[in-house]
DNA sequence: ACCTGAACACCGTTCAAGT
DNA sequence: ACCTGAACACCGTTCAAGT
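This is the structure in C-alpha cells:
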C-alpha cells in the first residue's frame, strides 16, 4: 500500500508540482523512497552490484530494516526501483532530443544520442534496466513497481513510434516491403542497445578494444538507417556534422557533465 | 594450479582426443570440473541466477566445499567458467555455419543464425557471457579462466574478420568510405547481440511483445547489410529463402532439438 | 499505523585436521 | 598432495514488541 502511494506521489510531484492531492505524510514517504534509491545507487556505483546489500542499505540510511522492507518487498524490488529511475532519466533526455530542429532522420539521431548519453551518464542504471527485466528479478518485484515500469516503457515506445510515423507521412522514411513501424522501432532499439551494451560492458574484449578512436556508434546507425531507406542517405548528407550539432545545440550541458569525470571507454 | 591444468586438459581433449600428454589424474580432475559446471548450469537453468549458490553446488555434487574451491576461486569464477562453456558451444556452431555454400553475404547470414541459435539453445549461458564481462565478476575470476576466455573470444573474432576480408577481396562487400573491417565486425556483433538480448530477456516489454509473428532478426540484418553495401542487396535477393536453406542444410539437428521444448518467445 | 532490531535460516570463504 | 567439513562473518527476510 505504501509502495503504491509512493509511486503515485512521485509521479504527481513531477507532472504537476503544485498539486496538493496528497498529505504531507505521503509526500514525506515518497521522498524517503527516493532517498533510499539514491543511497542504493551510490552503493552500486561505488563497488558494483555485489555491494548492494539490504544490510548496507540499512546501515547507510537513517532507517531500520523494517522500514526499508516497508518500501521495498525485496532486494530485487530495489533493483526495479533503480530501473524506473533510469527510465525516467531516459525519458527526460528523449524529451530534450525531440526539440532538435532538423530533418526526420536527424531527429532520430537525436533520440539515439539521448539514449547513448543516458547510458554514458549513468552506466550502472543503464545495466539496471536489463537486469530488472530478467525473470527472477521481475518475479520478486512488487506489482506496483512493475506497473510503473511498464508505463515508463510505453511512454518511450510511443515517442519512437511517433517519430517514425511522422517520417513516413512526410515521405522521408520509405519503408521496405513488409516493414511495419513496430519492426522498424525494434531495429532502432536493437542497434542502439547492442552497441551501447557491448561498448560499455565488454571493453576488455579484443574485438571491441581495437575500436578506440573511431565512432562505431554512428557508423552502425548510418548503415541501419540507410538500409531502412530513411532519406537523405548517409552518402548524401554528413551525419557526423548533424551529430555534432545535436551535441552542441541540445546536449551541451550533459556533455560538460560527462567531461568532468567518468569511465574512459565511453567518453 | 589445478585450474590451469584443467583448462589445458580440456582444450587438449577437444583438439586432439588421442593425446596422452596428461596423466589420468589430471584428466580426472578436468572431467570433474566439467561435471561441476554441468551441475552449476542445471542449478541456474532451474531457478535463475539467484539459485546458484556454492552451498547448493556442493550439495548437488558428490564433492566437498573445499574441493569445489580447489577448482573455482570464487562464485564469480564459476560464472566465468559457464561463460567459457557458452563460447565453446558458440564456436562449434560457427564452424558448422562456415560450411554453408553460398554467396559471402549468405555466409554472413549463416554466422548470425549460428549466433542466434546458440542463444536460443542455451539462453542462460548466453546471458552468462555478458554477465561474465562485468567488472566485478571479472575481478573475482581466476587469471587462468580469464585467459581462456580471451582466447575463445579471439577465435570468434578471427572467424568474422576472415569472412569480411574475403567478401571485400571478391568485391561483394564494398565498404563505405572510412569503414574498416574492425568497424564492420563490430556492427555485425552489435545488431545481432542487441536483437537477441532484447528478444530473449525483455519479452515482457510492450514494444517487443507486439512483434510476435514477424521475423525481426532477419529484417534488422537486411537493413544493416544493405546499408553496409554488401551485395547482392536484399532488394535483389530473397534472404528469407537463404535463411531457410541455412536452417535446413546446416542446422536441422539444432532446430529439431529446439522444437522439442524451450522458451516460447524465441521459437 | 508505522517503526524497530533481535532472531533465523542461509550464504561465501577459509583453514586446521585428516588421508 | 588433495580432500573434508566445521567455523566465521555476513546476508535476506520476518515479526513480536514497542511508540
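Protein chains in written order, with the numbering used here: chain A, 1 to 267; chain B, 1001 to 1267.
Glycine included, C-beta positions come from ideal geometry on N, C-alpha and C.
What do you get for residue i, buried or exposed, if any count of 16 or more other CB atoms within 10 angstroms of its CB means buried?
i	result
residue 69 of chain A	exposed
residue 143 of chain A	exposed
residue 1185 of chain B	buried
residue 1107 of chain B	buried
residue 85 of chain A	buried
residue 1023 of chain B	exposed
residue 174 of chain A	exposed
residue 1150 of chain B	exposed
residue 256 of chain A	exposed
residue 1179 of chain B	buried
residue 1122 of chain B	buried
residue 28 of chain A	exposed
residue 1253 of chain B	exposed
residue 59 of chain A	exposed
residue 1064 of chain B	exposed
Look at residue i and residue j and say whether their C-beta atoms are less than 8 Å apart.
i	j	result
residue 1097 of chain B	residue 1113 of chain B	yes
residue 1153 of chain B	residue 206 of chain A	yes
residue 61 of chain A	residue 37 of chain A	no
residue 146 of chain A	residue 53 of chain A	no
residue 1043 of chain B	residue 1057 of chain B	yes
residue 218 of chain A	residue 243 of chain A	yes
residue 135 of chain A	residue 1048 of chain B	yes
residue 181 of chain A	residue 111 of chain A	no
residue 167 of chain A	residue 237 of chain A	no
residue 183 of chain A	residue 104 of chain A	no
residue 224 of chain A	residue 170 of chain A	no
residue 1100 of chain B	residue 1249 of chain B	yes
residue 227 of chain A	residue 1226 of chain B	yes
residue 197 of chain A	residue 1197 of chain B	yes
residue 1087 of chain B	residue 1137 of chain B	no
residue 120 of chain A	residue 258 of chain A	yes
residue 1141 of chain B	residue 1077 of chain B	yes
For residue i, decide whether its Cβ has a neighbour in chain B, counting only Cβ atoms nearer than 8 Å.
i	result
residue 193 of chain A	yes
residue 164 of chain A	no
residue 238 of chain A	no
residue 157 of chain A	yes
residue 150 of chain A	yes
residue 223 of chain A	yes
residue 23 of chain A	no
residue 84 of chain A	no
residue 32 of chain A	no
residue 167 of chain A	no
residue 228 of chain A	yes
residue 284 of chain A	The question about residue 284 of chain A has no answer here: the residues shown for chain A are numbered 1 through 267.
residue 70 of chain A	no
residue 111 of chain A	no
Does residue i have its Cβ less than 8 Å from a Cβ in chain A?
i	result
residue 1144 of chain B	no
residue 1207 of chain B	yes
residue 1040 of chain B	no
residue 1179 of chain B	yes
residue 1133 of chain B	yes
residue 1048 of chain B	yes
residue 1153 of chain B	yes
residue 1186 of chain B	yes
residue 1189 of chain B	yes
residue 1088 of chain B	no
residue 1123 of chain B	no
residue 1232 of chain B	no
residue 1055 of chain B	no
residue 1183 of chain B	yes
residue 1198 of chain B	yes
residue 1171 of chain B	no
Report, in whole angstroms, the separation of the C-beta atoms of residue i and residue j, which I expect to be a contact under 8 Å.
i	j	result
residue 1089 of chain B	residue 1127 of chain B	Not really, about 14 Å apart at Cβ, beyond 8 Å.
residue 1124 of chain B	residue 1045 of chain B	5 Å
residue 233 of chain A	residue 109 of chain A	In fact, because the Cβ distance is near 13 Å, the residues do not count as touching under 8 Å.
residue 1071 of chain B	residue 1033 of chain B	5 Å
Under 7 Å from any heavy atom of the ligand ZN, does the C-beta of residue i make it?
i	result
residue 131 of chain A	Ligands displayed in this structure: none; no statement on the ligand ZN is therefore possible.
- [ ] Enumerate, from N- to C-terminal direction, the unbroken beta strand (DSSP E) stretches of 3 or more residues contained entirely within the region 1015-1066 of chain B.
- [x] Entirely contained in the region 1015-1066 of chain B, not one beta strand (DSSP E) run reaches 3 residues.
Task: Uninterrupted alpha helix (DSSP H) stretches inside the region 1067-1114 of chain B (no shorter than 4 residues) - done: Taking only runs of at least 4 residues, the alpha helix (DSSP H) segments lying wholly in the region 1067-1114 of chain B are 1075-1097.
Task: Secondary structure, alpha helix (DSSP H): runs of 4+ residues fully inside the region 141-187 of chain A - done: Listed in chain order, the complete alpha helix (DSSP H) runs (minimum 4 residues) inside the region 141-187 of chain A are 143-169.
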